[in-house]
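Student:
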Amino acid sequence: MSRTRIRSTPVDQACAAAVGLARGAAEEIARPGEVGEHLGFDNEGDRVVTHFFECLDHAYLGWRWAVTVTRASRARVVTVSETVLLPGARALLAPRWVPWNERLLPGDLGVGDLLPAEADDDRLVPGFASPDEEIDAQAVFELGLGRARVLSALGRDLAAHRWRSGEPGPHAPIAHAAPAQCSTCGFYWPLAGTLGLGFGVCANEYAPDDGRVVSADHGCGAHSEATTVPSMVTDAAPPILDDHDLGYDLIESGSADEASSAPLGNA
Numbered sequence: 595m596s597r598t599r600i601r602s603t604p605v606d607q608a609c610a611a612a613v614g615l616a617r618g619a620a621e622e623i624a625r626p627g628e629v630g631e632h633l634g635f636d637n638e639g640d641r642v643v644t645h646f647f648e649c650l651d652h653a654y655l656g657w658r659w660a661v662t663v664t665r666a667s668r669a670r671v672v673t674v675s676e677t678v679l680l681p682g683a684r685a686l687l688a689p690r691w692v693p694w695n696e697r698l699l700p701g702d703l704g705v706g707d708l709l710p711a712e713a714d715d716d717r718l719v720p721g722f723a724s725p726d727e728e729i730d731a732q733a734v735f736e737l738g739l740g741r742a743r744v745l746s747a748l749g750r751d752l753a754a755h756r757w758r759s760g761e762p763g764p765h766a767p768i769a770h771a772a773p774a775q776c777s778t779c780g781f782y783w784p785l786a787g788t789l790g791l792g793f794g795v796c797a798n799e800y801a802p803d804d805g806r807v808v809s810a811d812h813g814c815g816a817h818s819e820a821t822t823v824p825s826m827v828t829d830a831a832p833p834i835l836d837d838h839d840l841g842y843d844l845i846e847s848g849s850a851d852e853a854s855s856a857p858l859g860n861a
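So the sequence shown is numbered by my numbering: it starts at 595 and just counts up by one.
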C-alpha cells in the first residue's frame, strides 16, 4: 500500500507581491482610515493568495481585513477575488447562537406572544396513549372537549420539582418565617389528582401567593390560624426611683388619711 503524498503548492510571486492591489480593495469597502498595516499573507492554492491588513475600526478591535487575490493560468494580471472582514485571535465575537426555545426564560412571554409546543414535547402525551391511570382518567374527563394532549408523567414531575424548589416551595425565606405551613391553613385549596398530595392554590387575597400554586409545606404570615398578633404599642417602662439622695417616710394608709384631715395649724 502506497502512502498518499500531499503536494505543497508554491507561492505565486505575482499574487504575493500584490499588496497595493489588496490594500486598495480593502479601502474601497472600508471607511477612510480603517485599513491598517499589512499583517502578511496565506497561500491558499495555485495562484491564490490572501493578504491580511489590520482593522482600525474601534468597533472591530482584533479583526483583520482579508483580501484574496488570484491570477489566471499564464496570465500576468492579478485580480481581486474576495474581500472580507475576519476575526483575529483577540477579536471580540458575539455569543454562540442559541435557538429561541433554549434561551427562553420564565416570564419572557408577553401579551400577543405565541409559544407553540413541539410535536414531540415530552411534557405532553395523547390522553389515550399512556398507561398512567391518572392520565387515563383525565383523558376520559376531557373526551370531546378539544384537548388533543394532556400532561404526561414527566411533565407532572418537572412541574412538581420546579414548584417545590422555587418561591412557592418550603425553602423560601417567607416560608421559614411563617407561623405554620400551608397544609394547615384554611385558605389552602389542594389540587386535584396526584399533584394534590403536595400542592394547592392559595385563596387568601391578603397573602403574597394569592391565586398561585404553593407547596403544602410552604407558608406565610397570612395563615388562617395565626391569631396571635404582636402589639404595635410597647408597654411603658416603669419609673426609676433613686432612693439614695431623697429622704422620705413611709406612711400607712390610715395615718395618711388622718394627716390629710387634720387642721393645718396642727401639722
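Cβ atoms here follow ideal geometry from the backbone N, Cα and C, with glycine treated the same way.
1. For R756, count neighbouring C-beta atoms within 10 Å of its own C-beta (all shown protein chains included) and say buried if the count is 16 or more, exposed if not.
2. Which partner residues of E648 appear in the DSSP bridge assignment?
3. Who are W783's beta bridge partners in DSSP?
4. Could you give the distance in angstroms between the alpha-carbon of T644 and the alpha-carbon of H632?
5. Check whether the region 744 to 755 and the region 784 to 795 touch, using three or more Cβ-Cβ pairs below 8 Å as the test.
6. Could you tell me the boundaries of the beta strand (DSSP E) in which H632 lies?
7. Given a threshold of 16 other Cβ atoms within 10 Å of its Cβ, counted over all protein chains shown, does L551 qualify as buried or as exposed?
8. Can you pull the DSSP bridge partners for R743?
9. I need the straight-line Cα distance from G618 to R668, nearest angstrom please.
10. CB H812 to CB G760, shorter than 8 Å?
11. Does L615 come out as helix, strand or coil in the three-state DSSP assignment?
12. Within 10 angstroms of its Cβ, does H817 collect 16 or more other Cβ (buried), or is it exposed?
13. Per DSSP, what are the beta-bridge partners of T673 in this structure?
14. Nearest to E819 by alpha carbon, out of A810, G780 and R690?
15. For A611, which option in P626, N637 and H765 has the closest C-alpha, if you only look at C-alpha atoms?
16. Near N559, which residues of its chain fall below 8 Å by C-beta distance, leaving aside the five closest residues on each side in sequence?
17. Can you name, in chain order, every residue of its own chain whose Cβ lies under 8 Å from the Cβ of L698, other than the five neighbours on each side?
18. With DSSP run on the structure shown, which of helix, strand or coil describes D702?
Tutor: A quick look at the data gives this:
1. As a first step, residue 756 must be located in the sequence shown, where it is residue number 162. With fewer than 16 Cβ atoms within 10 Å of its Cβ, R756 is classed as exposed.
2. On the sequence shown, residue 648 is found 54 positions in, with the first residue counted as 1. According to DSSP, E648 bridges with R658.
3. The residue you call residue 783 lines up with position 189 of the sequence shown. For W783, which the question treats as bridged, DSSP gives the partners V795.
4. If you number the sequence shown from 1, residue 644 lands on position 50. If you number the sequence shown from 1, residue 632 lands on position 38. The straight-line gap from Cα to Cα measures roughly 11 Å.
5. yes
6. The sequence position of residue 632 within the sequence shown is 38, counting from 1. Run containing H632: V629 to G639, per the beta strand (DSSP E) assignment.
7. Lying outside 595 to 861, the shown extent of the chain, residue 551 is not represented and no answer is given.
8. Within the sequence shown, residue 743 is the residue found at index 149, counting from 1. According to DSSP, R743 shares a beta bridge with P720.
9. Here residue 618 is taken as the residue at index 24 of the sequence shown, counted from 1. Here residue 668 is taken as the residue at index 74 of the sequence shown, counted from 1. Between G618 and R668, the C-alpha separation is close to 24 Å.
10. For this step, residue 812 is matched to residue 218 along the sequence shown. For this step, residue 760 is matched to residue 166 along the sequence shown. No.
11. For the purposes of this step, residue 615 is taken as residue 21 along the sequence shown, with counting starting at 1. For L615, the secondary structure class from DSSP, reduced to helix, strand or coil, is helix.
12. Walking along the sequence shown from the start, residue 817 turns up at place 223. H817 comes out buried.
13. Reading the sequence shown from its first residue, position 79 is the one you call residue 673. Paired residue(s): T664.
14. Taking the first residue of the sequence shown as 1, we reach residue 819 at position 225. Answer by Cα proximity: G780.
15. Residue numbering aside, residue 611 sits at position 17 when the sequence shown is read from its first letter. Of the residues P626, N637 and H765, the one whose Cα lies closest to the Cα of A611 is N637.
16. Past the edges of the chain, shown from 595 to 861, lies residue 559, and the structure says nothing about it.
17. Position 104 of the sequence shown, counting from 1, holds the residue named residue 698. The beta carbon of L698 sits closer than 8 Å to the beta carbons of L709 from its chain, once the five residues preceding and following it are set aside; these are given in chain order.
18. Working through the sequence shown from its first residue, we reach residue 702 at position 108. Correct three-state label for D702: coil.
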